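Written out below as structure tokens is the structure these notes cover.
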Amino acid sequence: MAINITVLICLALAALWAVMTRSLLRAAIGLALTSAILTILMFRLDSPVAGVFELSVCSGLISVIFISTISLTHPMTKTQIVQHMKDRLSRFWYLPVVVVIAGIALSLAHVKINIKIPAPEEVKDARYALWYLRHADLIGQIMMLLAGVFGVVLLFKETKKK
Amino acid sequence: MTHEALAVFWPFCLFIIMLFIIGLYCLIVTFNLIRALIGVEILLKAVTLLFIVVGYVTKHTAMMQSLIITMIVLEVVVVTIAAGVIIGMHKYNNSLDVRNLRRLRG
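Those protein sequences? They're chains P and C, same order as listed. Going by my numbering, the first sequence runs without a break in its numbering and finishes at 791. Going by my numbering, the second sequence runs without a break in its numbering and finishes at 889.
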């Protein structure tokens, strides 16, 4: 449990860094780091298949999308950066304070959660669960992917020159 | 919920709430579109972690993993479309600041 707590602290710190860092590129890297740390937790909590997906897709593909988006948009000028930093500092310095206060308050609170734990599942394999028990999800995934593809095609469609 | 299950669940729950606060704060406070998208991603990470912990506590890891895989696919599609919209808005307004998006006419 001590290792899990350490990993959870690293996860919260990585997320804080992703949100608070001034550079957008570093924020994207921070997000990838958050995903990578979440993968460690997935492996530790008996979810290796989801962990592999998280590492390859969220830590890899989504970071690539973010970095491409950042590179396709123009950086700010120096005067804009100075003004932006003043604004950011006034808006974001509350965040660590809010997170620490929430953490302390929650750890001191004695919450009673009454959830009935169902009987352990018979299927232990995630691949079996995905292919045979939740195959309707796969159709939904395919439809979502197609929607994404058509959306991107629509967004980047070249207009005909007159 | 049994005492052992709660002992496992509660520390994770605490960090899930903290992660949720980080993402929500980012969404509320920022004016940058890319940073807002990063906030949404952090919120989704909190939900993913909740699924993982619930699957571990209830011993339904296989079902939860299949749900998480579906969620990851949705996440990719949402991020891709949002990135396309952000690039389009940047082309039109030459800015990523949401305060400059005043010229939208619905």
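Backbone N, C-alpha and C define an ideal beta-carbon position, used for all residues, glycine too. None of the values given here were measured: they were computed from a predicted structure.
Is the beta carbon of residue i less than 9 Å from the beta carbon of residue j?
{"i": "residue 666(P)", "j": "residue 639(P)", "result": "yes"}
{"i": "residue 833(C)", "j": "residue 872(C)", "result": "no"}
{"i": "residue 885(C)", "j": "residue 814(C)", "result": "no"}
{"i": "residue 752(P)", "j": "residue 846(C)", "result": "yes"}
{"i": "residue 652(P)", "j": "residue 691(P)", "result": "no"}
{"i": "residue 870(C)", "j": "residue 784(P)", "result": "yes"}
{"i": "residue 794(C)", "j": "residue 630(P)", "result": "yes"}
{"i": "residue 875(C)", "j": "residue 675(P)", "result": "no"}
{"i": "residue 643(P)", "j": "residue 662(P)", "result": "yes"}
{"i": "residue 891(C)", "j": "residue 780(P)", "result": "As displayed, chain C neither begins before 784 nor continues past 889, which places residue 891(C) out of reach and without an answer."}
{"i": "residue 725(P)", "j": "residue 654(P)", "result": "no"}
Compute the beta-carbon to beta-carbon distance between residue i and residue j, rounded to the nearest angstrom, for a pair I have assumed lies under 8 Å.
{"i": "residue 695(P)", "j": "residue 660(P)", "result": "7 Å"}
{"i": "residue 849(C)", "j": "residue 748(P)", "result": "At roughly 18 Å, the Cβ-Cβ gap does not stay under 8 Å, so residue 849(C) and residue 748(P) are not in contact."}
{"i": "residue 801(C)", "j": "residue 728(P)", "result": "5 Å"}
{"i": "residue 792(C)", "j": "residue 836(C)", "result": "6 Å"}
{"i": "residue 852(C)", "j": "residue 759(P)", "result": "6 Å"}
Can you have a look at residue i and say buried or exposed, based on whether 16 or more other CB atoms are within 10 angstroms of its CB?
{"i": "residue 820(C)", "result": "buried"}
{"i": "residue 799(C)", "result": "buried"}
{"i": "residue 858(C)", "result": "buried"}
{"i": "residue 818(C)", "result": "buried"}
{"i": "residue 700(P)", "result": "exposed"}
{"i": "residue 734(P)", "result": "exposed"}
{"i": "residue 703(P)", "result": "exposed"}
{"i": "residue 782(P)", "result": "exposed"}
{"i": "residue 841(C)", "result": "buried"}
{"i": "residue 778(P)", "result": "exposed"}
{"i": "residue 698(P)", "result": "buried"}
{"i": "residue 708(P)", "result": "exposed"}
{"i": "residue 860(C)", "result": "buried"}
Tell me which same chain residues have a C-beta within less than 8 Å of the C-beta of residue i, skipping the five on either side of it?
{"i": "residue 776(P)", "result": "none"}
{"i": "residue 879(C)", "result": "815, 816, 817, 869, 872, 873"}
{"i": "residue 632(P)", "result": "673"}
{"i": "residue 712(P)", "result": "none"}
Between which residues of its own chain and residue i is the CB-CB distance below 7 Å, once the five residues before and five after are set aside?
{"i": "residue 717(P)", "result": "651"}
{"i": "residue 715(P)", "result": "none"}
{"i": "residue 647(P)", "result": "656, 659, 660, 663"}
{"i": "residue 831(C)", "result": "851, 854"}
Taking 6 Å as the limit between beta carbons, can you name the residues of its chain near residue i, skipping five residues before and five after?
{"i": "residue 688(P)", "result": "661, 664, 665"}
{"i": "residue 649(P)", "result": "721"}
TODO: Indicate whether the contact test is met: 3 or more Cβ pairs, each with one atom in the stretch 860–880 of chain C and one in the stretch 667–685 of chain P, closer than 8 Å.
DONE: no
TODO: Determine contact between the stretch 796–809 of chain C and the stretch 715–727 of chain P, defined as no fewer than three beta-carbon pairs at a distance below 8 Å.
DONE: yes
TODO: Inspect the CB distances between the stretch 757–772 of chain P and the stretch 822–829 of chain C and report whether three or more fall short of 8 Å.
DONE: no
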